[in-house]
Amino acid sequence: MARKKEFEYEVKLDVAMNLFWEQGYHVTSLSDLEINMQINRSSIYPTYGDKKELLLKCLDKYQRSKLTEYQAFLDNSGNNALEDLVKILNLSVQQSMNDNKVCLAVKMIFEIALVDKEINKMLVENEKKIEVVYLTLLLRGVQQKLVKDELDIKTTASFFASSSTTLLKNFVLYNNKAQVNAMIGLLIQLISR
Numbered sequence: 235m236a237r238k239k240e241f242e243y244e245v246k247l248d249v250a251m252n253l254f255w256e257q258g259y260h261v262t263s264l265s266d267l268e269i270n271m272q273i274n275r276s277s278i279y280p281t282y283g284d285k286k287e288l289l290l291k292c293l294d295k296y297q298r299s300k301l302t303e304y305q306a307f308l309d310n311s312g313n314n315a316l317e318d319l320v321k322i323l324n325l326s327v328q329q330s331m332n333d334n335k336v337c338l339a340v341k342m343i344f345e346i347a348l349v350d351k352e353i354n355k356m357l358v359e360n361e362k363k364i365e366v367v368y369l370t371l372l373l374r375g376v377q378q379k380l381v382k383d384e385l386d387i388k389t390t391a392s393f394f395a396s397s398s399t400t401l402l403k404n405f406v407l408y409n410n411k412a413q414v415n416a417m418i419g420l421l422i423q424l425i426s427r
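For the sequence shown, the numbering used here assigns the number 427 to the last residue and increments by one with no breaks.
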């Protein structure tokens, strides 16, 4: 029985996550959550907390999933670092292209992170983990003599993490995959030996 409840918990969490993703945090009401999750408020609060706590749970699940995808590029240290950087940058925009919606974390950065310290902290912590992935790939690239060794690798990793958001923005505004590919090519060219 506990297993079914766990499954239901995750299913309902996915429903809430998609609702926040589609409508945004501020527009999504508790009534919207009740209707879409098909549970009443008296079940939402003890299970998920208030609306903000529910958003935090959704963001945590989403960010863990995305981070796992990014960290998969670290599994094989023999891979060409530049090729993996291209793949990870493409991955950052692929979901937007497939689902026709922007990354949930990016959406929340612009909607609520400026005014909510707890959400800001959660998003910053995740961004630092993504930067570590880029840092690891860049260091691999230096070892493989593919990436310029005179670069400030830590700043470059931060720049790459920020650039993935820029690529998303560009795709959302222009819906031009060729332009995104050209921008990725330029990023790689800037760091290549």
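All residues carry an ideal CB built from backbone N, CA and C; glycine is no exception.
Cβ-based neighbour list, residue i, same chain, cut-off 6 Å, excluding 5 preceding and 5 following
i: Phe307; result: Asp318, Ile322
i: Asn360; result: Gln297
Residues near residue i by beta carbon distance below 7 Å, same chain, minus five either side
i: Val320; result: Ile418, Ile422
i: Arg427; result: Lys379, Leu380, Val381, Lys382
CA-to-CA distance, residue j to residue i, given in whole angstroms
i: Leu247; j: Leu407; result: 29 Å
i: Ser265; j: Leu380; result: 54 Å
i: Asp386; j: Arg374; result: 14 Å
i: Ser397; j: Lys403; result: 10 Å
i: Asn409; j: Asn415; result: 12 Å
i: Gln305; j: Gln272; result: 34 Å
i: Gly258; j: Leu338; result: 9 Å
i: Leu325; j: His260; result: 28 Å
i: Asp333; j: Val367; result: 24 Å
Beta-ladder partner(s) of residue i, from DSSP
i: Val381; result: Ser426
Counted within 10 angstroms of its Cβ, other Cβ atoms place residue i as buried (16 or more) or exposed
i: Glu365; result: buried
i: Tyr243; result: exposed
i: Val327; result: buried
i: Phe405; result: buried
i: Ala412; result: exposed
i: Leu420; result: exposed
i: Ser263; result: exposed
i: Tyr282; result: buried
Supposed contact pair residue j and residue i - C-beta distance, whole angstroms, cut 8 Å
i: Lys253; j: Asn270; result: Per the sequence presented here, residue 253 reads as Leu, with Lys not at that position. Yes, Leu253 and Asn270 are in contact; Cβ-Cβ is about 5 Å, under 8 Å.
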